[in-house]
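Chemist: Here it is: the structure, laid out below.
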Amino acid sequence: MPVKSLLRDPLCSFGALGLLGLLACSHPPGGDGTSDGAAADDGASLDADSVVAASGRGTVTNVRNLASCPSGAPAGSTCRQVTVTGCPGITSEPIDAVVALLPQTGSLRGTVVHLKGGGGEGFQIGGTQQYQAAGFRNVYVAWLSDWEQTLSSGIKTAACRPATILQWIFLEPTLHNGSRSAAFCGEGFSGGSGQLGYALAHYGMSGVLDYVNELSGPPFARIDLGCNGDAPPTAVVCGATDTLRLPQSVTQWENIRSPLMCGSTNVPATELARWNADSIAVGGVYGYPRTQVQFFACTFQATAVTAQGKIFFDLISQTEGGDPNLAQYHCYSQADGCQGEGLGTGNADATQALLASCVPRHQ
11 MPVKSLLRDP LCSFGALGLL GLLACSHPPG GDGTSDGAAA DDGASLDADS VVAASGRGTV
71 TNVRNLASCP SGAPAGSTCR QVTVTGCPGI TSEPIDAVVA LLPQTGSLRG TVVHLKGGGG
131 EGFQIGGTQQ YQAAGFRNVY VAWLSDWEQT LSSGIKTAAC RPATILQWIF LEPTLHNGSR
191 SAAFCGEGFS GGSGQLGYAL AHYGMSGVLD YVNELSGPPF ARIDLGCNGD APPTAVVCGA
251 TDTLRLPQSV TQWENIRSPL MCGSTNVPAT ELARWNADSI AVGGVYGYPR TQVQFFACTF
311 QATAVTAQGK IFFDLISQTE GGDPNLAQYH CYSQADGCQG EGLGTGNADA TQALLASCVP
371 RHQ
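Mapping the sequence shown onto the numbering used here, position 135 (from 1) lands on 145, and the numbers just tick up by one.
Structure (structure tokens):
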């Protein structure tokens, strides 16, 4: 079945979301429509420190090779463990990750960074064989604890961690080596797509990413709408009514203090404002002239990732004038074999989209 593309379908527009549409549009995007990576390219290599967002990132330290990869890493890969530290607001809260490398087969076309859902533990290995055979170096990030979790900050502050490791993979001589003649792309599932969403909107990673696959997400587009029990509980996506309600794991990740939790009613305005400010689709940059972003979502018995991800797509599409060369949305139904966050035939479509669209765009 062909990809079900949705660019500016009125069924999925902000207007079709009723009150949600008004809420989602009730604040300015925060960006000026230009990419944070719009600085002039000076050739095959780029010092990506010149294109990061003003909010800054941390550093990758304590890089050490592992004798063997953890369970779940792709066969044939080699692994190293790294520490991410120094992120603004959580400078004293380091976190470790395992980075697995699976080299390409044949001539190198680029690098694909894979990010797993939930707290990011484990390896997201979808598309591995196809990408490797097509000439893509595959890099997998597996966090050793939930990347979203901090002592007292919110998810947006924690999102400095995946942005930092993405930047390190881009510049690391034994990985992508800052190349602009080879593509640098990302693929994330559910919470992994949240890592990429924050990296694009709040940490300047459109300056290095050429292409992004957002699979079933991102779930954190509007934390306030997903956790406010007084907000509309559903939204219409591709003609289907899907939940906006985020899971209870967000209570811990967002450091929501008892007696409040994600889903509470009568939430104080100050707390709602904090949830709003910690969202991907608030106060960031949403125009990516050198990065194509494609979204793949299931509408059958969907979790919040579908409606939340649609908010992020709509904001990008609105900012970029609906240009399909920059942003596309693909939705799937029960007839396509999808359910919940599982994409059914959308998995193969997403793989083919990356194979076709992961090309250098920052030259």
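A virtual CB, placed ideally from N, CA and C, is assigned to each residue, including glycine.
1) Is it right to say residue 169 is buried, meaning 16 or more other beta carbons lie within 10 angstroms of its own, or is it exposed?
2) Would you kindly work out how many angstroms separate the C-alpha atoms of residue 160 and residue 92, rounded to a whole number?
3) Would residue 228 and residue 203 be called neighbours here (beta carbons separated by less than 9 Å)?
4) Does the separation of the CB atoms of residue 340 and residue 359 fall below 9 Å?
5) My guess is that residue 83 and residue 115 are in contact by the Cβ rule of under 8 Å, so how many angstroms apart are they, rounded?
6) Is it right to say residue 60 is buried, meaning 16 or more other beta carbons lie within 10 angstroms of its own, or is it exposed?
7) With a cut-off of 8 Å on the beta carbons, I'd call residue 162 and residue 129 a contact; round off their distance for me.
8) Of all the options 335, 196, 267 and 361, which has the alpha carbon lying nearest to the alpha carbon of residue 137?
9) Who pairs with residue 124 in a beta bridge, going by DSSP?
10) Cβ of residue 241 within 9 Å of Cβ of residue 234?
11) Mapping DSSP to helix, strand and coil, what is residue 395?
12) Please check the pair residue 200 and residue 315, which I expect to be a contact at CB under 8 Å, by giving their CB distance rounded to whole angstroms.
13) Kindly provide the ranges of any alpha helix (DSSP H) runs that are 4 or more residues long and lie completely inside the segment 176-238, ordered along the chain.
14) Nearest to residue 176 by alpha carbon, out of 189, 206 and 257?
15) So what does residue 94 bridge to, in DSSP terms?
16) As an exercise, report each continuous alpha helix (DSSP H) stretch of at least 4 residues that is fully enclosed by the segment 239-292, in chain order.
Modeler: Reading from the atomic positions:
1) Locating residue 169 in the sequence shown gives position 159, where the first residue counts as 1. Under this definition residue 169 is a buried residue.
2) Sequence index remark: in the sequence shown, residue 160 carries index 150 (1-based). Sequence index remark: in the sequence shown, residue 92 carries index 82 (1-based). Going from the Cα of residue 160 to the Cα of residue 92 covers about 18 Å.
3) Here residue 228 is taken as the residue at index 218 of the sequence shown, counted from 1. Here residue 203 is taken as the residue at index 193 of the sequence shown, counted from 1. Yes, the pair counts as a contact, with Cβ atoms nearer than the cut-off.
4) Taking the first residue of the sequence shown as 1, we reach residue 340 at position 330. Taking the first residue of the sequence shown as 1, we reach residue 359 at position 349. Cβ atoms of residue 340 and residue 359: closer than 9 Å.
5) Counting from 1 along the sequence shown, the entry for residue 83 is found at position 73. Counting from 1 along the sequence shown, the entry for residue 115 is found at position 105. Not a contact, Cβ separation roughly 18 Å.
6) Translated into the one-based positions of the sequence shown, residue 60 becomes position 50. Caution is warranted here: a pLDDT of 37 is assigned to residue 60, below 50, making its placement in the model unreliable, and no coordinate value can be reported.
7) Counting from one through the sequence shown, the residue named residue 162 turns up at place 152. Counting from one through the sequence shown, the residue named residue 129 turns up at place 119. Contact flag wrong, Cβ pair sits at about 18 Å.
8) Position 127 of the sequence shown, counting from 1, holds the residue named residue 137. Among 335, 196, 267 and 361, the Cα nearest to that of residue 137 is on 361.
9) Counting from 1 along the sequence shown, the entry for residue 124 is found at position 114. Beta-bridge pairing links residue 124 to 150 and 197.
10) Walking along the sequence shown from the start, residue 241 turns up at place 231. Walking along the sequence shown from the start, residue 234 turns up at place 224. Yes; because the gap between Cβ atoms is below 9 Å, this pair is in contact.
11) What the structure shows of the chain is the stretch from 11 to 373, and residue 395 is not part of that stretch, so it cannot be assessed.
12) Within the sequence shown, the letter at position 190 stands for residue 200. Within the sequence shown, the letter at position 305 stands for residue 315. Their Cβ separation, rounded to whole angstroms, is 6 Å, which keeps residue 200 and residue 315 in contact under 8 Å.
13) 201-212 and 233-237
14) As a first step, residue 176 must be located in the sequence shown, where it is residue number 166. Residue 176 has its Cα closest to that of 206, out of 189, 206 and 257.
15) The count along the sequence shown starts at 1 and reaches residue 94 at position 84. Partner(s): 70 and 105.
16) 259-263 and 279-287
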